[in-house]
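K.L.:
In the UniProt record's numbering, the protein residues as written are 1 to 362.
1. On the criterion of 16 or more Cβ atoms from any shown chain inside 10 Å, does residue 181 qualify as buried, or is it exposed?
2. Taking C-alpha atoms, which residue in 284, 166, 44, 206 lies nearest to residue 34?
3. Is residue 3 near residue 102, with beta carbons less than 9 Å apart?
4. Given a cut-off of 9 Å, decide if residue 30 and residue 107 are closer than it, judged by their beta-carbon atoms.
5. Just how far apart, CA to CA, sit residue 17 and residue 226?
6. I'd like to check one pair, residue 214 with residue 190: are the Cβ atoms closer than 9 Å?
7. Nearest-angstrom Cα distance between residue 311 and residue 327?
8. If you compare alpha carbons, which of 194, 162, 279, 195 is closest to residue 183?
9. Please identify the residue among 228, 23, 317, 40 whose C-alpha is closest to the C-alpha of residue 359.
10. For the beta strand (DSSP E) holding residue 324, just list the boundary residues, first then last.
11. Going along the chain, which residues of its own chain have a beta-carbon closer than 6 Å to the beta-carbon of residue 292, five neighbours each way excluded?
12. Do residue 347 and residue 333 come within 9 Å of each other at the CB atom, strictly closer than that value?
13. Please look up how many angstroms separate the CB atoms of residue 345 and residue 313, rounded, as I've assumed it's under 8 Å.
14. When DSSP labels each residue in this structure, what does residue 88 get in the three-state scheme?
15. Any Cβ of chain C within less than 9 Å of the Cβ of residue 220?
16. Hey, residue 174 and residue 207: beta-carbon distance below 9 Å or not?
17. Where do the N-terminal and C-terminal ends of the beta strand (DSSP E) with residue 25 fall, by residue?
18. Since residue 17 is in the beta strand (DSSP E), which residue starts that stretch and which ends it?
19. Distance check for residue 42 and residue 88, CA to CA, integer angstroms please.
20. With burial defined as no fewer than 16 other Cβ atoms inside 10 Å of the residue's Cβ, what is the status of residue 188: buried or exposed?
21. Just mark residue 13 as buried or exposed, buried being the case when its beta carbon has 16 or more other beta carbons within 10 Å.
22. Quick check on DSSP: helix, strand or coil for residue 211?
23. So residue 178 and residue 192 are in contact, right, with Cβ under 8 Å, and what is the actual spacing, rounded?
24. To which residues does DSSP link residue 93 through a beta bridge?
25. According to DSSP, is residue 354 helix, strand or coil?
26. Could you please give the first and the last residue of the uninterrupted alpha helix (DSSP H) stretch that includes residue 10?
27. For residue 276, which of helix, strand or coil comes out of DSSP?
28. Assign residue 21 to one of two classes, buried (16 or more other C-beta atoms within 10 Å of its C-beta) or exposed (fewer than that).
29. Can you tell me whether residue 36 is helix, strand or coil according to DSSP?
30. Just the C-alpha distance for residue 78 and residue 11, rounded to the nearest angstrom, thanks.
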C-alpha cells in the first residue's frame, strides 16, 4: 500500500525487482550523480543519506539488506535467488524535490532553513554591522585565549569554579555564552596539545558544562538559554577549525547567522545606488551642503596624506644620511625598505625627490 501511495503521486521507482523464491522486492530510483570530497562527505551525500532514511523508513525496508551482485538489474547469471527486474519509467528524480515529496506523503516536517527577512535596506545594513561587531568581539576573545593558554594563571584566579573560569557582566550576573565559548576553546587547545581528537562531542560537552556552571553561579534570575544543538555543532566546527588552522576569521558566535546571497546582492545594489545618488548631488548642487561637507572631508584627507608623505620623506632622508656616515656608502632600496617599512614604489619616489632637491649625500 505504501508503494502504491508513492506511485499515485508520481514518485514510483524506475525499476522493481522481484525474487521469485522469497517473494522479496527491491526498488530503484534514478537520480542525478552525487559527488563527495576526499573523505567521502559533501552536502549532497548528506541529502542522499537523509532521502534513503526517509524513504526506507516509509517502506519499512531492511537496513541490513545485503546488496549482492545477483540482485542487480545488470546480473545475467542463473543464480536461483536472482531478482527479475521490471522497468517502470526513465524519469530522473531530483533529490531535494524527491525528499520533500516523500515527507509530504509521510506527514513528516519539512526541514526549511529559516531566513531572516528585513523590512528595509537600513535594517539590513544595521544587521550586517551588528554581525561584524560580533565577529570582531569573538576574534578578540580568540586572541586572548591564545595568550592565556601560554600562561598558567587560571588556577590562581578567584573566578575559577570547578575548572571553569566564569566571566562576569557585573557582580552576580555571569556572561554565560562568553564563559562557555572560552572554555570550549580552551578545551580544544588542550586536546590538541595532548594529541587527542577534537571531536564535536568533546567541544560541545565542554561548552554545555561551562554554560551550566555559569548559570548556576550567576543566573541573576535568568532562565537557561542554551543554544540549540545545531548551533552548538556549528560552534564546535568553528572552534576546531580555528585551533587546527589558527584562523581567527573563521570565528563567530554559536548562534551567528550569515547574510544570504539575495541579501548580499541587496547590499551591493544599495551601495551602487548610494554612489550614483552621491554623484548626482555633486552635479545638481555643487555648492550645496552635501558637496561642501564632502569637499571639507577630502581636503582634510589630502592634508593628512601630504603631511604623512613629508614625514616619510624625512625618515628616508635621515636614514640615508646616517647610513652614509656610518658605512661610507648609500643604502640600497631594499635596505631602505627594511628600515622604514615602506613599499619599493614609495622608496623610489622619495629617493628621486631627495635627489632632485640635492639633499642626498655626495
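Ideal Cβ positions, reconstructed from N, Cα and C, are used throughout, including at glycine.
P.N.:
Based on what the coordinates show:
1. Flag for residue 181 reads buried.
2. With respect to the C-alpha of residue 34, the residue from 284, 166, 44, 206 having the closest C-alpha is 44.
3. Not in contact: residue 3 and residue 102 (Cβ atoms no closer than 9 Å).
4. Taking 9 Å as the Cβ cut-off, residue 107 and residue 30 do not qualify as a contacting pair.
5. Cα to Cα, the separation comes out at about 49 Å.
6. No, the pair does not count as a contact, with Cβ atoms beyond the cut-off.
7. One C-alpha to the other measures close to 24 Å.
8. Nearest option by C-alpha distance: 162.
9. Taking only the C-alpha atoms, the option nearest residue 359 is 317.
10. Premise fails: residue 324 lies in the alpha helix (DSSP H), 289-327, not in any beta strand (DSSP E).
11. None.
12. Cβ atoms of residue 333 and residue 347: closer than 9 Å.
13. Contact doesn't hold; Cβ gap of about 14 Å is too wide.
14. In this structure, residue 88 counts as coil in the three-state DSSP scheme.
15. You won't find chain C in this structure, because it holds only one protein chain.
16. Contact check for residue 174 against residue 207 fails: the beta carbons are separated by 9 Å or more.
17. Bounds of the beta strand (DSSP E) holding residue 25 are 25-28.
18. That run of the beta strand (DSSP E) goes 15-19.
19. Approximately 30 Å, taken between the alpha carbons.
20. Under a 10 Å Cβ-count criterion, residue 188 is classified as buried, with 16 or more other Cβ atoms of the shown protein chains found around its own Cβ.
21. Burial call: buried.
22. Looking at residue 211 - three-state DSSP - the assignment turns out to be helix.
23. In fact, because the Cβ distance is near 22 Å, the residues do not count as touching under 8 Å.
24. Per the DSSP secondary-structure output, residue 93 pairs in a beta bridge with 31.
25. DSSP places residue 354 within a helical segment (H, G or I) once states are collapsed to three.
26. Unbroken run through residue 10: none, as it is neither H nor E.
27. Correct three-state label for residue 276: helix.
28. With fewer than 16 Cβ atoms within 10 Å of its Cβ, residue 21 is classed as exposed.
29. DSSP places residue 36 in coil when its eight states are reduced to three.
30. Rounded to the nearest angstrom, the two C-alpha atoms are 32 Å apart.
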